[in-house]
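Residue numbers (the working numbering): 799 to 1141.
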């Protein structure tokens, strides 16, 4: 049921916000509050509910799930499909949002599959998102065991705080990426290469900081370096959303669902591969006269670094102006209508 949330959000941001600030909005919603919620989860669950309040993990999950149900009710009550459906939106706001959008009646209501699979930018985008989402598995799947086993952290409060640091980095990176992306587009007038520059640079720098984190000598330094890793990795997230909206037009939800599905596939495949690597690199050592097994996490960090690098390279093959919506320009590079499209 959760799978439809992000594609719907991609469509909602196109419906509710003008193009000039859309990437900033997507950085705030999807990256800052999305990653921020993930970062708060470990603090609320481990540090607060289990550590300070003494609840069991089962009771803690019930509390957190109850908050989600309450929010769902609030969202159902307040949200409207479009500004035209909301009496609080005035006509000037509607015109600002609709500026530069075209809704040709000749376009099919659903994106044809044959057209989607013939789009080379979309195919490169699918590979990019597979690598991007696959690399993220280390934060949700292995980071907790890495901090527990590699550094021997037992204190739940400290554990929850350190575990949250990388996701806070992603939240901050999402905001930075949104502003940088929209700023570059306005500065250069070139939407395609602005998005490529942000996407490539973020993933490339994430490789560097991931290596530094993997060789850190203590958990605090490692967590802060992973904060930096996630900062640069996730400053590309608004670019992903923005490029999906650019390419999809009225089909933004469909395009993002295709992209997100490739990431979900990575979420199924990469953890298996990561588990195999961890099993293959278990060593034994003697501690207090007893033989104990030690898991080596370096191969998993290497796998994630390679995926970051491949994700970075994919951005050179993604042309976000190659629109799948026949009602919108597929070659224009600028937000300004006075700029002539490239031949």
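All C-beta atoms in this analysis are idealised placements derived from N, C-alpha and C, irrespective of residue type, glycine included.
For residue i, the residue or residues it bridges with in DSSP
| i | result |
| --- | --- |
| residue 818 | Paired residue(s): none; residue 818 is not in a bridge. |
| residue 1081 | 1092 |
Assigned secondary structure, residue i (DSSP; H/G/I helix, E/B strand, else coil)
| i | result |
| --- | --- |
| residue 1094 | coil |
| residue 1116 | coil |
| residue 865 | helix |
| residue 1032 | helix |
| residue 1013 | coil |
| residue 946 | helix |
| residue 879 | coil |
| residue 1005 | helix |
| residue 990 | helix |
| residue 1060 | helix |
| residue 934 | coil |
| residue 1038 | helix |
| residue 951 | coil |
| residue 858 | helix |
| residue 975 | helix |
| residue 1178 | Here the chain covers residues 799 to 1141 and nothing more, so residue 1178 does not appear. |
| residue 886 | coil |
| residue 803 | helix |
| residue 916 | coil |
| residue 1044 | helix |
| residue 906 | coil |
Own chain residues within Cβ distance below 8 Å of residue i, not counting five before or after
| i | result |
| --- | --- |
| residue 797 | Residue coverage of the chain in this structure runs from 799 to 1141, which leaves residue 797 outside it and unanswerable. |
| residue 960 | 945, 951, 1017, 1018 and 1021 |
| residue 972 | 825, 826, 828, 829, 830, 832, 833, 1032, 1033, 1035 and 1036 |
| residue 1080 | 1091, 1092, 1093 and 1094 |
| residue 878 | 884 |
When the options are compared against residue i, the one with the closest alpha-carbon
| i | options | result |
| --- | --- | --- |
| residue 1033 | 1023, 1102, 826 and 975 | 975 |
| residue 1056 | 865, 911 and 871 | 911 |
| residue 1027 | 864, 815 and 968 | 968 |
| residue 1042 | 1088, 808 and 800 | 808 |
| residue 1010 | 816, 1038, 1051 and 1100 | 1100 |
| residue 1040 | 800, 801 and 815 | 815 |
| residue 1103 | 923, 869, 826 and 1030 | 1030 |
| residue 1003 | 1087, 1106, 928 and 851 | 1106 |
| residue 800 | 930, 870 and 891 | 870 |
| residue 1005 | 882, 933, 887 and 1060 | 933 |
| residue 838 | 1068, 1058, 1063 and 962 | 962 |
| residue 990 | 1116, 817 and 819 | 1116 |
Same chain only: Cβ atoms within 7 Å of residue i, ignoring 5 sequence neighbours per side
| i | result |
| --- | --- |
| residue 1045 | 919, 920, 1053, 1118, 1120, 1121 and 1122 |
| residue 1023 | 1007, 1010, 1011 and 1014 |
| residue 925 | 1112 |
| residue 993 | 979, 1037, 1040, 1041 and 1118 |
| residue 1049 | 909, 1122 and 1123 |
| residue 948 | 1095 |
| residue 847 | 853, 858 and 861 |
| residue 1061 | 927, 928, 930 and 931 |
| residue 913 | 1122 |
The ligand PLP heavy atom lying under 7 Å from the CB of residue i
| i | result |
| --- | --- |
| residue 877 | Questions concerning the ligand PLP fall outside what the structure shown contains, since it holds no ligand whatsoever. |
Cβ shell of residue i (< 6 Å), same chain only, five flanking positions each side left out
| i | result |
| --- | --- |
| residue 1138 | Its pLDDT being 38, under 50, residue 1138 is placed unreliably in this model, and the value from its coordinates should be taken loosely. Nothing meets the Cβ criterion. |
| residue 836 | 965 |
| residue 821 | 976, 979, 980, 1036 and 1040 |
| residue 955 | 845 and 849 |
| residue 982 | 992 |
Do the stretch 1106-1118 and the stretch 998-1009 touch if we need at least three Cβ pairs shorter than 8 Å? Contact holds: three or more Cβ-Cβ distances are below 8 Å.
Would you call the stretch 856-875 in contact with the stretch 831-847, where contact means no fewer than 3 C-beta pairs closer than 8 Å? Taking a contact to require three or more Cβ pairs closer than 8 Å, the stretch 856-875 and the stretch 831-847 qualify as touching.
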